[in-house]
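S.K.:
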Amino acid sequence: MEYVIKANGLNLSYGRDEPIITDASLQIKAQEFVFITGKSGSGKSTIIKSLYGELFPNMGELTVCGVDIKNISSSKLNILRRYLGVVFQDYKLIDEWTVEQNVMLPLIIGGFSKSVCIKQAHKLLKHVKLLHKINKYPYELSGGEQQRVAMARALAHNPILILADEPTGNLDSYSSEVIWNLLKGAKEHLGTTVLVVTHNIPSTLGIDYKHYFLESGVLHEVN
Amino acid sequence: MKSINSHFSIIISVFILLFSFQFTKMVNTIVNDYSIKIVNDYSIVLVASSELKEEELKRQIPEIHVLTEISSKKILDRLKNDMSSKNLTLLQVALPKFYSLKLESMPNQKRLEMIRQKLSGLSSITRVETFAKTHEKVFKMFLLLQSMVYVFASFVALVAILLIFKQIRIWTYEHNRRMSIMTLFGASFFMKSAMLYRMTLVDTFLSAMAVCAVYVIAPQLAVVQNFALELDIVIPKFNVLSEGGMLLGFSLFFAFIAVSIVSRKIGRV
């Protein structure tokens, strides 16, 4: 599998509305770190949604980890999602579960034993400096802390591809730094492919990356 | 508190549904038993000038269960002191034959009148006495009671089903976020529904057990036994294995259907 993500002539829209993304092409190789930037409402999140199968293309081709998203069955989509780590703008943590249980979610779904789940959750919560809040519930944490938990959850099962939608959108500088270091670490140490949708690329990232710019529904590669 | 309410609303709804179902079944059994009892207590008296054959009568009236001759010996014994033996022998020859006729089931007034007319039409039968009015009144009262219980139980079951549907709507709202997030991470249908299945199966199991307990304990209470004695009815024994098993089966079926509806409603994300 040369490309982790490959899109050709991709058109995306919600229902019968006008397409938000038109004729987009995207080629992302394994272990690449990619940014998609653009103004608010330009369709950045829409691209991310299509990559984890929440939104299906109405035209064009789209393959993620070698799987054709356009014609994917429900069961195959479930399997594909187990190889992805998604960080959402609104965190999407389960309120009635503790921090530890939230981080363990992809591991539980992956069928790992309880001891492995606990060990891995503790390791990642230590990385995001939230080990002391292991038994807290998401509503007891600040926005920055919740996003760090979401980040730990996205990394828990060593995914092939991390999709991050505005991961540092509303965060303080400390939490932002923790998040960027984790994403960098995933690429450098685990060989994970990372796709981040954001307004601004941090100036102090210190790694090579690919950059796409989204304007009026059209995706341009920035050299 | 919210969680306790959620548990209680499903336990109570399923309890009401199962209770009304079992109650209807019990009343049905009581009425059936009582109709058998009435038929056993009831007989038509026939007076005939010659001997009657059960088989011949059965050919014309299939409802006949048994035909028994009533001995005239008792009447003759009472007259022994007042009459000579010669006159007594003459009387014995002249006396008609008395029969008691039992039926298979309790007929309605119309059918009974037809039976009476058929019997009266036979040349050897001189008199037919049905004595049915009192029996029929009591039996009709029981049938009315049975119909009322059916209607009442149907209404109660309807209310319970509406409560279950309301609970399905609450669950859809309560579990939507968790199940949607689990779907985004690739959880299968059963994995994301597992928590709801577990909770509902436990709650409906408790409901079924509570209904079983009520129907096992209630007939043993003195107040219920006295009431049954006054009405001259027998409260049927609750069979824990067959009836309890059936109630448990029903409750688990409701749980499975309710959770499947919720999971389908939340659906694919």
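Protein chains in written order, with the numbering used here: chain A, 9 to 231; chain B, 117 to 385. Beta carbons are placed, not taken as given, at the ideal position from N, Cα and C, and that holds for glycine. Since we're looking at a predicted model, the values are computed, not measured.
(1) Please compile the residues from chain A whose C-beta is within a distance smaller than 9 Å of the C-beta of B/SER304.
(2) Using a C-beta to C-beta distance shorter than 9 Å, which residues of chain A count as neighbours of B/PHE294?
(3) Can you check which of these residues, B/ILE120, B/MET315, B/TYR331 and B/VAL182, is closest to B/SER136 by C-alpha distance?
(4) Would you list the one or two residues that DSSP bridges to A/ALA32?
(5) Report the rounded CA-to-CA distance for A/GLY152 versus A/VAL202, giving the unit in angstroms.
(6) Does any residue of chain A bring its CB to less than 8 Å from the CB of B/LEU312?
(7) Can you say whether B/ASP157 is buried or exposed, counting buried as having 16 or more other CB atoms within 10 angstroms of its CB?
(8) Just how far apart, CA to CA, sit B/ARG314 and B/VAL375?
(9) Answer with yes or no whether the minimum CB distance from A/PRO114 to chain B is below 8 Å.
(10) Is B/ALA371 near the ligand HEM, judged by its Cβ being under 7 Å from some heavy atom?
(11) Does DSSP classify A/TYR60 as helix, strand or coil?
(12) Which whole runs of the alpha helix (DSSP H) in the region 80 to 107 of chain A are 4 residues long or more, in chain order?
(13) Using a Cβ cut-off of 8 Å (strictly closer), state whether B/VAL385 contacts chain A.
(14) Residues of chain B with CB closer than 9 Å to the CB of A/VAL94, please, in chain order.
(15) Enumerate in chain order the residues of its own chain whose CB-to-CB distance from B/ALA324 is below 7 Å, with the five nearest sequence positions on each side excluded.
(16) Please compile the residues from chain B whose C-beta is within a distance smaller than 8 Å of the C-beta of A/ARG90.
(17) I want to see whether chain A comes within less than 8 Å of B/MET307, judged by CB atoms only; does it?
(18) Using the beta-carbon count (16 or more within 10 Å), is A/GLY199 buried or exposed?
(19) Please compile the residues from chain A whose C-beta is within a distance smaller than 8 Å of the C-beta of B/ILE297.
(20) Return the CA-CA distance between B/TYR150 and B/PRO223, expressed in angstroms with no decimal places.
(21) For A/LYS192, which residues of its own chain have a beta-carbon under 6 Å away from its beta-carbon, when the five flanking residues on both sides are left out?
(22) Going by DSSP in three states, A/PHE120 sits in which element: helix, strand or coil?
(23) Hey, is the region 164 to 179 of chain B in contact with the region 118 to 129 of chain B, meaning 3+ C-beta pairs nearer than 8 Å?
(24) Quick one: which chain B residues come within Cβ less than 9 Å of A/TYR60?
(25) Could you tell me if B/PHE131 is buried or exposed, where buried requires 16 or more neighbouring beta carbons within 10 angstroms of its beta carbon?
(26) Under the three-state reduction of DSSP, which class applies to B/ASP149: helix, strand or coil?
(27) Along the chain, where does the beta strand (DSSP E) that runs through B/SER188 open and close?
(28) Just to confirm the assignment, what range does the alpha helix (DSSP H) spanning B/GLY365 have?
(29) Given B/VAL385, which residues of its chain have a CB within under 7 Å of its CB, disregarding the five upstream and five downstream residues?
M.R.: Answer, in terms of the structure:
(1) SER83, ASN86 and ILE117, listed in chain order.
(2) Contrary to the premise, residue 294 of chain B reads as Arg rather than Phe in this sequence. The contacting residues are ILE102, ASP103, GLU104 and TRP105.
(3) Out of B/ILE120, B/MET315, B/TYR331 and B/VAL182, B/TYR331 has the C-alpha closest to the C-alpha of B/SER136.
(4) In DSSP, A/ALA32 forms a bridge with A/LEU18.
(5) Looking at the two C-alpha atoms, the distance is approximately 20 Å.
(6) Not a single CB atom of chain A sits nearer than 8 Å to the CB of B/LEU312.
(7) Exposed.
(8) B/ARG314 and B/VAL375 have their alpha carbons spaced roughly 10 Å apart.
(9) Output row for A/PRO114: interface = yes.
(10) Absent from the structure shown: the ligand HEM. Ligands present: none.
(11) Looking at A/TYR60 - three-state DSSP - the assignment turns out to be coil, as it is neither helix nor strand.
(12) The region 80 to 107 of chain A contains these whole alpha helix (DSSP H) runs: 82 to 89.
(13) Confidence is the limiting factor: at B/VAL385 the pLDDT is only 47, short of 50, which leaves the residue's position unreliable and the question unanswerable from this model.
(14) The answer, in chain order, is LEU300 and PHE301.
(15) Non-local C-beta neighbours of B/ALA324 in its own chain, meaning closer than 7 Å and more than five positions away in sequence, comprise LEU134, LEU363, LEU364 and SER367, ordered along the chain.
(16) Those are PHE301 and GLY302, listed as they occur along chain B.
(17) Closer than 8 Å to some Cβ of chain A, the Cβ of B/MET307 qualifies, so yes.
(18) That one is exposed.
(19) Those within 8 Å of B/ILE297 in chain A are LYS100, LEU101, ILE102 and LEU113.
(20) For B/TYR150 and B/PRO223, the distance between alpha carbons rounds to 14 Å.
(21) Non-local beta-carbon contacts of A/LYS192 in its own chain, meaning distances under 6 Å to residues more than five positions away in sequence, involve ILE215 in chain order.
(22) DSSP places A/PHE120 in the coil class of the three-state scheme, outside both helix and strand.
(23) Touching, no, given that fewer than three Cβ pairs across the two stretches are closer than 8 Å.
(24) Within chain B, the residues near A/TYR60 are LEU300.
(25) B/PHE131 is classed as buried because its beta carbon has at least 16 other beta carbons within 10 Å across all chains shown.
(26) Helix at B/ASP149.
(27) Careful: B/SER188 lies outside any beta strand (DSSP E) and carries neither H nor E.
(28) Residues 358 to 382.
(29) Because B/VAL385 carries a pLDDT of 47, less than 50, the predicted location of this residue cannot be relied on, and the following value inherits that uncertainty. Shown here for B/VAL385: same chain residues with a beta carbon closer than 7 Å to its own, the five before and five after excluded, namely SER296, THR299 and LEU300 in chain order.
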